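Going letter by letter, the sequence shown gives residues 1 to 316 in the working numbering. For every residue, glycine included, the Cβ atom is placed at its ideal position computed from N, Cα and C. On a predicted model such as this, the values are computed, not experimentally measured, just so you know. These notes are about the structure you will find just below.
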Amino acid sequence: MRKFDSCLRTLFFFITVIILVSGCKTESGKGSWKDYGGSPDQSKYVLAEDINKSNVAQLDVAWSYSTGDERIYQWNPIVVDTIMYVLAKNSSLVALNVITGKEIWIHSNLRGIASRGINYWESKDRKDRRLLFQMNNYLQAIDALTGKSVLTFGNKGLVDLKEGLGYDPKTIGRVQSNTPGKVFENLLLLGSAPGESYISPAGHLRAYDVITGKLVWIFHTVPQPGEYGYDTWPKDAYKYIGGVNTWGEISVDEKEASLIIPWALLLMIIMVPTGLEKNLFGNSILALDARTGKRLWHFQTVHMICGIMILPLHLN
1 MRKFDSCLRT LFFFITVIIL VSGCKTESGK GSWKDYGGSP DQSKYVLAED INKSNVAQLD
61 VAWSYSTGDE RIYQWNPIVV DTIMYVLAKN SSLVALNVIT GKEIWIHSNL RGIASRGINY
121 WESKDRKDRR LLFQMNNYLQ AIDALTGKSV LTFGNKGLVD LKEGLGYDPK TIGRVQSNTP
181 GKVFENLLLL GSAPGESYIS PAGHLRAYDV ITGKLVWIFH TVPQPGEYGY DTWPKDAYKY
241 IGGVNTWGEI SVDEKEASLI IPWALLLMII MVPTGLEKNL FGNSILALDA RTGKRLWHFQ
301 TVHMICGIMI LPLHLN
């Protein structure tokens with residue numbers, strides 16, 4: 001058993017890339033994994049036409065990279081062109097040449113980074129390329145080619161995620177979600193998970209400008225006066241009800257020009273005050289206009305549940 005554990009630990013300590021011995025053609029964009037989950041719609045699928053039933057047996061190890069520590073990373077690497085971005089070396093972001101496995105740059109000292117992944121964004125001319133991520137309740141951006149912080153983003157490279165939720169930031173212990181959100185056009189669509197207790201802040205959804213870091217829109221998961229669903233709660237519930245967080249993965253539908261169903265999210269609620277309300281948008285699948293944050297439709301799976309409920313979802 002000890003030998004098995006040692007082998008298992010070793011698997012976590014190394015990043016291994018497997019390729020065909022005979023080689024595969026590489027084309028820009030083809031075979032890339034630019035998004036957490038593989039694509040905007042969370043398909044977890046990548047087109048790899050050169051690997052098929054006739055040659056899959058020829059797959060062999062091309063290179064391996066030691067993470068340099070004994071930490072276990074719940075991390076989804078992303079690949080853009082010939083660069084792979086991983087978490088390694090005591091919670092540092094590392095850029096690797098995906099062909100050779102050699103280090104390109106290391107951005108260190110990222111303890112507290114959201115544990116499951118990051119976002120990639122590039123300008124239309126590809127001159128500006130950024131990695132966006134959450135760390136210790138701040139949103140950050142770094143240059144994807146150099147690994148240097150983008151100091152023009154937010155306040156000297158940082159956006160405080162505790163601000164803008166309608167609560168005193170000093171009273172919020174945690175707000176960042178372990179999942180990284182999604183990039184759509186020049187927006188970062190980001191959920192929040194500040195807790196599930198009765199006195200926790202609500203886990204509102206927000207969109208940030210990827211260039212400036214400014215807040216573009218916010219969707220209140222516990223509706224406020226005048227908003228759809230406000231009457232499904234006791235009066236002024238938004239002032240004292242917490243939870244209704246986004247724990248799951250956000251999916252984006254990029255094919256709809258009008259963005260009728262651009263993304264869906266997963267919400268939950270822990271506390272039900274009276275047992276008489278639907279408590280929107282707890283335990284719901286919700287579609288929003290990605291550019292404006294306006295509600296398009298919703299489906300509530302369970303009314304008035306008292307407990308943790310996490311819905312798995314991606315677009316089909």
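Report buried or exposed for residue i, applying the criterion of at least 16 other Cβ atoms within 10 angstroms of its Cβ.
i      : result
GLU76  : Per the sequence shown, residue 76 should be read as Asn rather than Glu. When all chains shown are included, ASN76 counts as buried.
VAL159 : buried
GLU249 : buried
ASN178 : exposed
ASN155 : exposed
GLY242 : buried
GLY173 : exposed
LYS124 : exposed
VAL61  : exposed
THR152 : exposed
TRP297 : exposed
ASN245 : buried
SER66  : exposed
VAL80  : buried
PHE219 : buried
MET271 : The pLDDT assigned to MET271 is 46, lower than 50, so where the model puts this residue is not dependable; a value taken from the coordinates is nonetheless given after this. The residue is buried, with at least 16 neighbouring Cβ atoms inside 10 Å.
Going by beta-carbon coordinates alone, are residue i and residue j separated by less than 9 Å?
i      : j      : result
MET84  : LEU93  : no
THR292 : TRP233 : no
HIS180 : ALA114 : First, the amino acid is wrong: residue 180 is Pro here, not His. Contact: yes.
ALA207 : ALA290 : yes
TYR228 : LEU280 : yes
GLY112 : ASN90  : no
LEU132 : VAL183 : yes
GLY166 : ILE104 : no
SER64  : GLY101 : yes
ALA202 : THR221 : yes
TYR138 : LEU110 : no
Ordered along the chain, which non-local residues of its own chain (more than five positions away) have a Cβ less than 7 Å from that of residue i?
i      : result
VAL150 : ARG130, ALA141, ILE142, ASP143, GLY157
GLN224 : TYR230, TYR238
GLU317 : The chain is shown from 1 up to 316; residue 317 falls before or after that span and cannot be answered.
SER200 : PRO194, GLY242, GLY243
SER258 : Residue confidence is low: SER258 scores 29 on pLDDT, short of 50, so the model does not pin down where it sits. No coordinate-derived value is stated.
THR82  : ASN97, VAL98, ILE99
HIS318 : Past the edges of the chain, shown from 1 to 316, lies residue 318, and the structure says nothing about it.
PHE299 : SER284, ILE285
Quick one: residues in its chain with C-beta nearer than 8 Å to the C-beta of residue i, no 5 flanking neighbours on either side, listed in chain order?
i      : result
ILE78  : TRP33, LYS34, ASP35, TYR36, MET84, TYR85, GLY117, ILE118, TYR120
GLY38  : LYS44, TYR45, VAL46
TRP263 : Model confidence at TRP263 stands at a pLDDT of 34, short of 50, so the residue's coordinates are unreliable; what they give is reported in the following sentence. Closer than 8 Å at the Cβ level, and outside the excluded window around TRP263, lie LYS182, PHE184, LEU189, ILE250, SER251, VAL252, ASP253, ALA287, LEU288, ALA290.
By Cβ distance, which residues of its chain are closer than 6 Å to residue i, with the 5 residues on each side in sequence left out?
i      : result
GLY108 : A small correction: the amino acid at residue 108 is Ser; Gly does not occupy that position in the sequence shown. Only SER92 meet the Cβ criterion.
GLU122 : ARG129
GLN134 : ALA114, GLN176
ILE106 : SER92, VAL94
TYR73  : LEU87
Would you please verify whether the beta carbon of residue i is less than 9 Å from any beta carbon of chain D?
i      : result
SER200 : The structure shown contains no chain D, having only a single protein chain.
Quick one: which unbroken beta strand (DSSP E) runs of 3-plus residues sit fully inside the segment 100-165? Chain order, please. Runs found: 103-107, 119-122, 129-135, 138-143, 158-160.
Count Cβ pairs between the segment 204-218 and the segment 179-191 that sit closer than 8 Å; are there 3 or more? yes
Quick check for students: name the residue ranges of the beta strand (DSSP E) that lie wholly in the segment 23-104, counting only runs of 3 or more. 59-66, 78-80, 83-88, 92-97
Considering only residues of the segment 172-203, which uninterrupted beta strand (DSSP E) runs meet the minimum length of 3 residues and lie entirely inside it, listed in chain order? 182-184, 187-190
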